[in-house]
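*Asks:* Each residue of the sequence shown is one higher than the one before, counting from 1 in the working numbering. All C-beta atoms in this analysis are idealised placements derived from N, C-alpha and C, irrespective of residue type, glycine included. Shown below is the structure under consideration.
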Amino acid sequence: AGWEALRNATFERQQAIGWIPETARLTAIDPTMTKWQDIPERQRAFQTRLMEVYAGFLEHTDTQHGKILDELDRQGLTNNTLIIYVFADNGASAEGLQGTLAELLNQNGLPSTVDQQIEVLEKDFGGLSALG
Numbered sequence: 001a002g003w004e005a006l007r008n009a010t011f012e013r014q015q016a017i018g019w020i021p022e023t024a025r026l027t028a029i030d031p032t033m034t035k036w037q038d039i040p041e042r043q044r045a046f047q048t049r050l051m052e053v054y055a056g057f058l059e060h061t062d063t064q065h066g067k068i069l070d071e072l073d074r075q076g077l078t079n080n081t082l083i084i085y086v087f088a089d090n091g092a093s094a095e096g097l098q099g100t101l102a103e104l105l106n107q108n109g110l111p112s113t114v115d116q117q118i119e120v121l122e123k124d125f126g127g128l129s130a131l132g
């Protein structure tokens, strides 16, 4: 499936519920972005797990924002409140297109490949199920 499939499904779902106009068209993926089909098979489980962890983060964040909205509603302030929601996150990986287990590697300019990260994850941390 991969991120293109997720991107397409998200766009279609948002159109179906009216968040995006029916006439809107999904933009092309930037040519510098790696296509899912180009991810080596041995790395796909790692990339999938990074997407799952990010989805969990988004779910948690959404729940917390919901608590704010619930409290405004409880206090009777909903109709007298302008809510501007900007979720300006860098996406699943601010550390680069391949993702990382440790953002400090990137911040300190220490290169690591996806295969090296998978090896460390398997050897030292208990595998993909331990990530997240």
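Name the residue from D124, Q98 and P111 whose alpha carbon lies nearest to the alpha carbon of R49.
*Replies:* Of D124, Q98 and P111, the residue nearest in Cα terms is Q98.
*Asks:* Would you mind working out which of L110, G76 and D115 sits nearest F46, comparing C-alpha positions?
*Replies:* Here the closest residue by C-alpha is D115.
*Asks:* Determine whether the beta carbon atoms of T81 and L72 lie at a separation below 8 Å.
*Replies:* In contact: T81 and L72 (Cβ atoms closer than 8 Å).
*Asks:* Flag this pair as yes or no: are the beta carbons of L104 and S112 separated by less than 8 Å?
*Replies:* Not in contact: L104 and S112 (Cβ atoms no closer than 8 Å).
*Asks:* Can you check whether the CB of I20 is closer than 8 Å to the CB of E4?
*Replies:* Contact flag unset, no.
*Asks:* Need the endpoints of the alpha helix (DSSP H) that W3 sits in, please.
*Replies:* G2 to A16 is the extent of the alpha helix (DSSP H) around W3.
*Asks:* Cβ atoms of L128 and L121: under 8 Å apart, would you say?
*Replies:* Their beta carbons are under 8 Å apart, which means L121 touches L128 by this criterion.
*Asks:* Check whether the Cβ atoms of Q37 and I118 sit closer than 8 Å, and answer yes or no.
*Replies:* Contact flag unset, no.
*Asks:* When the Cα atoms are used, what is the spatial distance from F133 to K35?
*Replies:* As displayed, the chain neither begins before 1 nor continues past 132, which places residue 133 out of reach and without an answer.
*Asks:* Just the C-alpha distance for G66 and A130, rounded to the nearest angstrom, thanks.
*Replies:* Taking the straight line from one Cα to the other gives about 28 Å.
*Asks:* Can we count D70 as close to the ligand ADP, meaning its CB is less than 7 Å from some heavy atom?
*Replies:* Of the ligands one can find in the structure shown there are none, so the ligand ADP has no counterpart to examine.
*Asks:* Measuring only the C-alpha atoms, how far is D70 from A102?
*Replies:* Between D70 and A102, the C-alpha separation is close to 35 Å.
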